[in-house]
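First comes the structure, then the notes that go with it.
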Amino acid sequence: MRSREGDLFANFERMRREMDELFGGVLDRGLLGRVRRVGFEPAVDVFYETPTEGDRAGVPRAVVHADLAGVDIDQVGLEIRGRELVLAGARAPVEAEGRAYQQVEIGTGPFRRVVQLGADVIADEARATYRDGILRVELPLMRPRDARRSVPIEVDEDEAGS
């Protein structure tokens with residue numbers, strides 16, 4: 001036996017599918033935030049890690065993974081601006097004469113993606129590698145400056161004898 005909530009949800013889902021068919025997916029994209037943009041913007045993951053092995057063991061770093069499948073990596077530029085990593089490049093369209101596409105979802109064209117790092121990094125020590133369509137950028141984090149500092153107190157000699 002189904003609950004009233006289950007029936008309500010099933011009816012809502014059926015109505016959503018019918019509306020989606022009627023309007024060609026416009027409602028689905030709008031309600032769920034999956035708006036299709038013209039062009040290409042690579043998806044990125046940003047995380048922090050502290051390696052335990054290798055030449056950078058113990059040094060915390062920000063890591064950015066960018067999905068650049070199908071992009072000529074020689075045409076990609078990276079720039080660090082304070083707490084931002086800027087990726088720029090282009091994914092060339094596939095030249096295909098005589099094709100009649102039923103569906104096109106793979107974006108092409110120029111892109112410029114600004115990734116917020118959330119921490120100060122040592123830009124001169126950044127490293128980037130590209131493998132299997134994923135660009136990996138490693139950015140060592142600056143050590144936080146110790147906000148606490150002992151301050152010696154100087155005593156005026158005239159005051160010392162009083």
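Number 80 in full-length UniProt numbering belongs to position 80 of the sequence shown; there are no gaps in the numbering.
Where is the CB? At the ideal position from N, CA and C, for every residue including glycine.
Computed from a predicted model, the values in this text were never measured in an experiment.
Residue i versus residue j: straight-line alpha-carbon distance, rounded
{"i": "residue 113", "j": "residue 54", "result": "30 Å"}
{"i": "residue 47", "j": "residue 138", "result": "10 Å"}
{"i": "residue 106", "j": "residue 145", "result": "45 Å"}
{"i": "residue 129", "j": "residue 108", "result": "22 Å"}
{"i": "residue 123", "j": "residue 93", "result": "33 Å"}
{"i": "residue 135", "j": "residue 151", "result": "46 Å"}
{"i": "residue 100", "j": "residue 70", "result": "21 Å"}
{"i": "residue 95", "j": "residue 104", "result": "13 Å"}
{"i": "residue 68", "j": "residue 98", "result": "27 Å"}
{"i": "residue 125", "j": "residue 131", "result": "20 Å"}
{"i": "residue 15", "j": "residue 102", "result": "26 Å"}
{"i": "residue 83", "j": "residue 143", "result": "14 Å"}
Residue i, buried or exposed, once every other Cβ within 10 Å from all chains shown has been counted against 16
{"i": "residue 127", "result": "exposed"}
{"i": "residue 89", "result": "buried"}
{"i": "residue 149", "result": "exposed"}
{"i": "residue 42", "result": "buried"}
{"i": "residue 201", "result": "Residue 201 is absent from the structure shown; the chain starts at 1 and stops at 162."}
Sequence-distant residues of its chain with Cβ nearer than 6 Å to residue i (five each side left out)
{"i": "residue 51", "result": "57"}
{"i": "residue 110", "result": "90"}
{"i": "residue 45", "result": "65"}
Residues of its chain near residue i, where Cβ-Cβ distance is below 8 Å and the 5 sequence neighbours each way are ignored
{"i": "residue 79", "result": "85, 86, 88"}
{"i": "residue 141", "result": "48, 59, 60, 61, 62, 119, 120, 121, 122"}
Same chain, Cβ closer than 7 Å to residue i, five either side skipped, listed in chain order
{"i": "residue 40", "result": "91, 107, 108, 109, 111"}
{"i": "residue 81", "result": "none"}
Residue i beta carbon near the ligand HEM (any heavy atom closer than 7 Å)
{"i": "residue 45", "result": "With respect to small molecules bound, the structure shown includes none, and the ligand HEM cannot be examined in it."}
Practice task
Assess, as a yes-or-no matter, whether the stretch 60-75 is touched by the stretch 115-125 under the definition of 3 or more beta carbon pairs within less than 8 Å.
Solution key: yes
| message | Does the contact criterion of 3 or more C-beta pairs under 8 Å hold for the stretch 68-77 versus the stretch 143-155? | response | no
**Q.** Ordered list of beta strand (DSSP E) runs contained in the UniProt domain "SHSP" (43-156), each at least 3 residues
**A.** Counting whole runs of 3 or more residues, the UniProt domain "SHSP" (43-156) contains the beta strand (DSSP E) stretches 44-49, 61-67, 77-81, 84-91, 109-116, 127-131, 134-140.
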